[in-house]
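Quick note: the sequence shown, position 269, residue 564 per my numbering, numbers continuous.
Glycine included, every Cβ here is placed at the ideal spot set by N, Cα and C.
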Amino acid sequence: MSQKYMNDISVILFAPSGFDRAAQGVAGEGRRLADAFGGRLHAVILGTPDQASANAIAAIANDITVIDDPRLADYQPELYLQALTQVLRPLAPRAVLMSNDTYSQELAPRLAHRLGGSAVGDAVEIRPSDQTLSVRRSVYGGKAEAIIELKRSPAVVWLRARALAPATPRADDLAAVSRAECQLSITNQLHLVERVVAATGETRLEDARVIVSGGRGIGGPEPFRDLEAVAALLSGQVAASRAACDSGWVPPSLQVGQTGKKVAPGLYLAVAIHGASQHLAGISDAKVIAAINIDPDAPIFKHCTFGIVEDYRKVIPLLRERLASAQR
Ligand code: FAD
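Right under this line is the structure:
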């Protein structure tokens, strides 16, 4: 492994996602770490980024490598791994950072193995350490935290990136862009059967700035219309607990928690949600949690910034009316 680059950090970004909140968080953490080690930040982009994203990344990274090959147009884990291994091996970075989307979760451990490094997922913080890096991550559905020392380089880490601070862009000295030519051998090819495109016009739950979330205590599908109205007045999205999704009141895609989406809004309003650890595991990155629950002993009150002990059927209409009149 080349000593020359041992203080450098690489971040992997996916061009179709643009420079979204997750990419900003990964790049921000990468910049912070590279500065702490006195190294360079190298961005590896799969696909060709749009101009605005390319400019934004160039103002944060020191170097950019674009891997754009028609054979990588659809997600192909084996080919992605071949390409990333070929680009990253000569760079020999101390760490490779990715966000915690489903692609990264599949690619990161395999990439770490191919590069002879170590891997850890769901990190909320990375700290320089005497070894290679130490990573803080929540465990047991958010009930405890583990600090993990990664001793082998590169440390391949996928992060809860949406909660991480973006980097301050440089005004000049923009990163140079190079294009990688990769040798790809098509083995274990994934066959795409169907592509289902999510409804347009809505922000992804993971990127929503305000979320109004309903639990089993809501009592049925109709009250979710009232939560949708409140969410719309706050320019936010509706979500739900697993109990509400399992009841068939809202689609499973709205489930937040350990086995659902991990969200990081500025405001998460939990309506008639008990606050089980599996639900809390999905909202620990929210800046402000507010709760409405009829039970003063509901665990959600131990985790919220604001709480109202009341029947949600009294509070939600009032809230809706106040928000509507504030906008008139
Ligand atoms: P309940 O626990 O039934 O709570 C309903 C709440 O509503 C109560 O606190 C009650 O006081 C309140 N309430 C009732 N009526 C009113 C009213 N009129 N006004 C105000 N408040 C009222 N859960 C998730 O959410 N996400 C996950 O990803 C997830 N993953 C899981 C993974 C595993 C492996 C397991 C075992 C469980 C998982 N769960 C998950 C389920 C979790 O343990 C809880 O069962 C679930 O979160 C409970 O949902 P709830 O709070 O909506 O319902």
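Pick from Leu479, Ala439, Glu501 and Gly512 that is closest to Gly552, judged by C-alpha positions
Glu501
Can you tell me where the beta strand (DSSP E) with Leu459 in it begins and where it stops?
Careful: Leu459 lies outside any beta strand (DSSP E) and carries neither H nor E.
When Lys446, Arg316, Ala418 and Pro385 are compared against Thr360, the one with the closest alpha-carbon
Ranking Lys446, Arg316, Ala418 and Pro385 by Cα distance to Thr360 puts Pro385 first.
Heavy atom of the ligand FAD less than 7 Å from the Cβ of Asn588, yes or no?
yes
How big is the Cα-Cα spacing for Leu406 and Ser448?
12 Å
My assumption, with CB atoms under 8 Å, is that Val451 sits in contact with Val430. Please give the rounded CB distance.
The Cβ separation is near 11 Å, so there is no contact.
Cβ-Cβ distance between Arg335 and Asp303 below 8 Å
yes
Where DSSP assigns a beta bridge to Trp453, which residues make up the other side?
Per the DSSP secondary-structure output, Trp453 pairs in a beta bridge with Met393.
Val339: beta carbon under 7 Å from a heavy atom of the ligand FAD?
no
Could you check the C-alpha separation between Asn625 and Asp330 for me, to the nearest Å?
This structure gives no information on residue 625, because the portion of the chain shown stretches from 296 to 623.
Applying the criterion that 16 or more other CB atoms from any shown protein chain within 10 Å of the CB defines a buried residue, is Phe519 buried or exposed?
buried
State the Cα-Cα distance for the pair Phe596 and Asp590, rounded to the nearest angstrom.
Cα to Cα, Phe596 sits roughly 9 Å from Asp590.
Can you give me the Cβ contacts of Thr380 inside the same chain, cut-off strictly under 8 Å, excluding the 5 residues immediately before and after it?
Leu406, Arg409 and Leu410
Between the CA atoms of Gly412 and Pro388 - distance to the nearest angstrom
10 Å
Straight-line CA distance for Arg457 to Leu613?
32 Å
Under 8 Å by Cβ, that's how I've got Ile355 and Leu308 pegged, so tell me the actual separation to the nearest angstrom.
Not really, about 11 Å apart at Cβ, beyond 8 Å.
Could you name the residues of the same chain whose beta carbon sits closer than 6 Å to that of Leu428, not counting the 5 residues immediately before and after it, in chain order?
Closer than 6 Å at the Cβ level, and outside the excluded window around Leu428, lie Ala390, Ile421, Leu445 and Ala450.
In angstroms, rounded to a whole number, what distance separates the CA positions of Thr463 and Phe314?
The alpha-carbon atoms of Thr463 and Phe314 are separated by roughly 14 Å.
In terms of residues, what are the limits of the beta strand (DSSP E) holding Gln628?
Coverage of the chain is limited to positions 296 through 623, which leaves residue 628 absent and any answer about it impossible.
To which residues of the same chain is Ser473 closer than 8 Å at the C-beta, ignoring the five residues directly before and after it?
Asp358, Ile359, Thr360 and Val361
Return the residue from the list Gly333, Val415, Gln573 and Glu476 that minimises the CA-CA distance to Val382.
The shortest CA-to-CA distance from Val382 to any of Gly333, Val415, Gln573 and Glu476 is the one to Glu476.
To the nearest angstrom, report how far apart Thr343 and Ser548 are at their CA atoms.
When rounded, the distance between both Cα atoms is 29 Å.
Kindly indicate which three-state DSSP category Tyr563 falls into: helix, strand or coil?
strand
Cα-Cα separation between Glu517 and Gln550, rounded to whole angstroms:
Taking the straight line joining both Cα atoms gives about 17 Å.
What residue ranges within the segment 352–405 form continuous alpha helix (DSSP H) runs of no fewer than 4 residues, ordered along the chain?
372–386
Work out the CA separation of Ala471 and Lys438 for me, nearest whole Å.
44 Å
Return the chain-ordered list of same chain residues with a C-beta closer than 8 Å to the C-beta of Ser530, the five sequence neighbours on each side being excluded.
Arg504 and Val505
If you reduce the DSSP assignment to three classes, tell me which class Asp467 lands in.
coil
Closer than 7 Å to a non-hydrogen atom of the ligand FAD - does that hold for the CB of Tyr435?
no
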